[in-house]
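Written below as structure tokens is the structure these notes are about.
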Amino acid sequence: MTDLTADLAINGGAPVRTTLLPYARQSITDEDVAAVAAALRSDWLTTGPRVPAFERELASYTGARHAIAFSSGTAALHGAAIAAGLGPGDEAVTTPMTFVATANCVLYAGAEPRFADVDPGTLLIRPETVREAITTRTRAILAVDYAGQPADYAALRSVADGAPGGPAVLIADASHSLGATLHGRRVGTLADMSILSLHPAKILTTGEGGAVLTDDDRLADRLRRFRNHGIGAELAARRDWTYDMVELGYNYRLTDIGAALGSSQLTRIDAFLERRRALAAHYLARLGGHAYLEVPAVAPGAHPAWHFMFVRLRLDRLRVGRGEVFRALRAEGIGVNVHYIPVHRHSFYRERYPDVSAPIAEAAYERLLTLPLFTGMSTADADDVVAALDKVTSAYRAG
Ligand SMILES: Cc1ncc(COP(=O)(O)O)c(C=O)c1O
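Here's what the structure looks like:
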């Protein structure tokens, strides 16, 4: 067998790309810049008219009755945990295959996260394992639309409704899935509350930012209050100097500068999604049936938003681990990443919850790679990723 490892860039060979293709990159146009500049020149850098305008546009796009903007996805998750009524003695069932912020919000509220394992094809939380993790203390189910595919909310709803301690609140961490649909229904309308992250790596950005989408008027009121120190009426609604803090809240407000960017971006959301879906389809077509990789399964009824594309290495057919493949791909100029280190494997969580069992998430993590996918990427860029994957995996093949 010929040794192909000498050709790898990590060993001094010519790289597939001479400049790094990042795994994510925001799309910013002159119109975005002009919208932000107009906000900067206005009287309102924050708590002005652009935030409610952006909220109305987000609500109208997603079909949710309310969109409540926050300063980050993490702040929005914190708000959702509080609005769901989570507190000491309560539990929320969530997935280990997510960014730590998803589980952290449960702890912020003084409640305890419980981890339910994922589906081996999609890496989405499995309603069956959620059912097994539920106890009389469960007050919420916190699913994550991993990689941009909606979780199975109909099945999760029936698990939530049947919780032994009374119906649990169903929360979607939709940080990856703005614009996705499930059986024709839009993300934002599938759970009691859906959380968006508007970080630059995400589908749409406000710089830092987030939002909660909900149809429930009561939850919306609570969320608005919570993001503004727990003060009842917002600034614009006040008639004089008085205001009343009715519960402990935070300053989690989005700025008008961020909202201006968000509104401008939202006018291009359909094009963003079309491009992401085209790139994902290209990856799936070129990498499906690959000798050394497995591509994700698409969830039944899902039209994903594809925040990122992930593959799993067939380590049984390679003579190196994921770390070597990762480093070799980076040397080839491909900005691969890994989403995610399972939450319960972080030191903080390991110490507190040493007995978590999530064998599917753990096994997937050992083999996971995130491939570059963003709106400004070309099909030729995706072909470079495929070429680098072919080059590196065939150089490292076993036998
Ligand atoms: C699934 C998920 N949840 C929550 C967050 C936190 O969002 P933010 O970075 O906007 O606070 C992220 C972002 O990294 C995420 O990917």
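Residues 133 to 531 (our numbering) make up the sequence shown, in order.
Think of the CB as a built atom: it goes at the ideal place given N, C-alpha and C, for glycine as much as any other residue.
Model, not experiment: these values are computed from the prediction.
Beta-carbon proximity list for residue i, same chain, < 8 Å, skipping 5 on both sides
i	result
residue 297	267, 268, 269, 270, 271
residue 420	427
residue 447	453, 454, 498, 499
residue 388	171, 174, 176, 177, 178, 179, 180, 181, 182, 183
residue 457	445, 450, 501, 524, 525, 528
Residue nearest to residue i in terms of C-alpha spacing, selected from the options
i	options	result
residue 438	503, 478, 459	503
residue 433	236, 317, 452	317
residue 429	149, 254, 289, 454	254
residue 424	189, 520, 228	520
residue 513	149, 145, 142, 140	149
residue 186	516, 528, 390	390
residue 357	516, 461, 515, 214	214
residue 154	505, 444, 511, 518	505
residue 349	518, 415, 146, 216	216
residue 398	409, 290, 230, 159	159
residue 249	511, 474, 509	474
residue 511	459, 418, 247	418
residue 382	207, 169, 147, 194	207
residue 480	346, 232, 151	232
residue 326	312, 313, 306	306
residue 544	265, 314, 462	This structure does not reach residue 544, given that the chain is present from 133 up to 531, and the question cannot be answered.
residue 157	169, 193, 364, 440	440
residue 277	518, 462, 234, 290	234
residue 407	238, 507, 168, 485	507
residue 151	467, 476, 518	467
residue 238	218, 257, 228	218
residue 471	375, 168, 333	333
residue 228	488, 530, 517	488
residue 346	490, 482, 205, 212	212
residue 409	343, 143, 256, 509	509
Where the beta strand (DSSP E) through residue i begins and ends
i	result
residue 271	270-276
residue 246	244-247
residue 200	198-202
residue 480	First-last for residue 480: 479-484, but that is the alpha helix (DSSP H), not the beta strand (DSSP E).
residue 258	Careful: residue 258 lies outside any beta strand (DSSP E) and carries neither H nor E.
residue 443	441-445
Assigned exposure category for residue i - 16 Cβ within 10 Å defines buried
i	result
residue 413	exposed
residue 377	exposed
residue 322	buried
residue 280	buried
residue 372	exposed
residue 85	The structure shown has nothing for residue 85, since the chain only spans 133 to 531.
residue 161	exposed
residue 134	exposed
residue 320	buried
residue 282	buried
residue 230	buried
residue 537	This structure cannot settle anything about residue 537, because the visible part of the chain is limited to 133 through 531.
residue 309	buried
residue 402	exposed
residue 246	buried
residue 436	buried
residue 311	buried
residue 370	exposed
residue 315	exposed
residue 484	exposed
Span of the alpha helix (DSSP H), counted from its first residue to its last, around residue i
i	result
residue 225	Per DSSP, residue 225 belongs to no alpha helix (DSSP H); it is in the beta strand (DSSP E), 223-226.
residue 414	401-419
residue 188	182-194
residue 173	162-173
residue 214	205-215
residue 236	232-240
residue 397	388-398
Close beta carbons around residue i, own chain, < 7 Å, minus the five adjacent residues each side
i	result
residue 385	178, 179, 203, 359, 360
residue 288	259, 262, 273, 275, 302
residue 394	186, 330, 336, 338, 341
residue 189	395, 398
residue 293	299
residue 492	249, 250, 252
residue 167	392, 393, 395, 396
residue 443	419, 425, 426, 427, 501, 503
Close-in-space but distant-in-sequence residues of the same chain around residue i (CB under 6 Å, 5 per side omitted)
i	result
residue 380	362
residue 145	139
residue 416	427
residue 197	347
beta-carbon residue i near ligand 2 non-hydrogen atom, thresh 7 Å
i	result
residue 205	What this structure holds is ligand 1, not ligand 2.
Could you tell me which whole beta strand (DSSP E) segments of length 3 or greater appear in the segment 288-373?
301-305, 325-329, 342-346
Every unbroken alpha helix (DSSP H) within the segment 449-512, with a cutoff of 4 residues, ordered by chain
454-463, 479-484, 491-499
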